[in-house]
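One structure below.
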Amino acid sequence: MNIYRLPNFAKFAMLVASVFVALLTTSPTFAHHGWAAFDTDRLVYIAGTVSSKGVWGNPHSHFDVTLDRNLPAKMPKLAIPEELQDPQDSIRVNAAPSYKGSYKKLEVIIAPPAWSGRWGLGRALKMGERFQAVGYINRTDKSLFRPVVFWYGTDAVPVNQVLGNTLPVRAPLPNAGQN
């Protein structure tokens, strides 16, 4: 197609569409989809309290979590959802080291209500509610976190966050003494 023969309006429309696509693929909304934008070579454990009302709906829900000041060296003993009971997955979740990054607050991205509801969360989380999770930090925006499993409330109710019955990537197991 020779763009020089197109009417000016068509050229302008193509330019606007190109800019829109470029902006969309670099936005946090685009990062919410799939696991490729996240460092799936390294599971980490986070814990804290829900600190924003967030957005609950499709394509994903997201909210802020203010992290505890003193996290344990690795994930404490918590119930693993049935979907992640395969030893190749549960050993990785249980061995996840605690988050050591510089952010005191992370934006957490979870499955939409239709999926999270099937897996144990039938409502929006409340501000001030206890939240723990094991998941991945975004590769480019280190303030974004996507869990493979999370626990909410004082009862630490487990909620799976992966389709199928396996982790998206079976990351290498952490070496002893390494964070």
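Going by mature numbering (1 follows the signal peptide of the UniProt record, and there is no 0), the letters in the sequence shown line up with residues -31 to -1, 1 to 148, in that order.
Just so it is clear, CB atoms sit at the ideal spot from N, CA and C, and this is done for glycine as well.
For clarity, every value in this text was computed on a predicted model and none was experimentally measured.
Residue j beta carbon less than 8 Å from that of residue i
i: S20; j: T35; result: yes
i: N63; j: W88; result: no
i: I78; j: L113; result: yes
i: V103; j: Y14; result: yes
i: P50; j: P127; result: yes
i: D37; j: A16; result: yes
i: R99; j: G122; result: yes
N-terminal and C-terminal residue of the beta strand (DSSP E) that residue i is part of
i: V62; result: No beta strand (DSSP E) holds V62; the alpha helix (DSSP H) holding it covers 56 to 63.
i: L75; result: 74 to 79
i: F114; result: 113 to 121
i: V24; result: That residue, V24, is in no beta strand (DSSP E); it is neither H nor E in DSSP.
i: I106; result: 99 to 106
i: H31; result: 30 to 36
i: V128; result: 126 to 129
Among the options, nearest to residue i - alpha-carbon criterion
i: E76; options: S30, A125, A64, G86; result: S30
i: G97; options: T123, T18, W4, L53; result: T18
i: K46; options: V131, T135, D124; result: D124
i: V24; options: Y105, L53, K95; result: K95
i: K43; options: R115, T109, L53, Q101; result: Q101
i: E52; options: K74, N39, S85, T109; result: S85
i: K22; options: N39, A93, G3; result: A93
Range of the contiguous alpha helix (DSSP H) that encloses residue i
i: R87; result: 82 to 87
Integer Cβ distance of residue i from residue j, believed to fall under 8 Å
i: P82; j: G133; result: So it is not a contact: roughly 19 Å between Cβ atoms.
i: N107; j: F32; result: Incorrect: roughly 15 Å between the Cβ atoms, too far for contact.
i: P41; j: S67; result: 6 Å
8 Å CB neighbourhood of residue i in its chain, flanking five on each side removed
i: L142; result: I60, R61, A64
i: Y72; result: L36, K111, S112
i: D55; result: N134, T135
i: A48; result: W120, A125, P127
Contacting residues, own chain, Cβ-Cβ under 7 Å from residue i (five flanking each side not counted)
i: A140; result: T9, D10, R11, L12, R61
i: V(-11); result: In this prediction, V(-11) scores a pLDDT of 41, lower than 50, which makes its location untrustworthy; no coordinate-derived value is stated.
i: Q57; result: R139
i: L90; result: Y121, V128
Close beta carbons around residue i, own chain, < 6 Å, minus the five adjacent residues each side
i: H1; result: Note that H1 scores a pLDDT of 41, beneath 50, so its modelled location is shaky; the value from the coordinates is reported in the next line. These residues qualify, in order along the chain: H29, I78.
i: Y105; result: F7, D8, T9, R115
i: N39; result: none
i: K74; result: D33, T35
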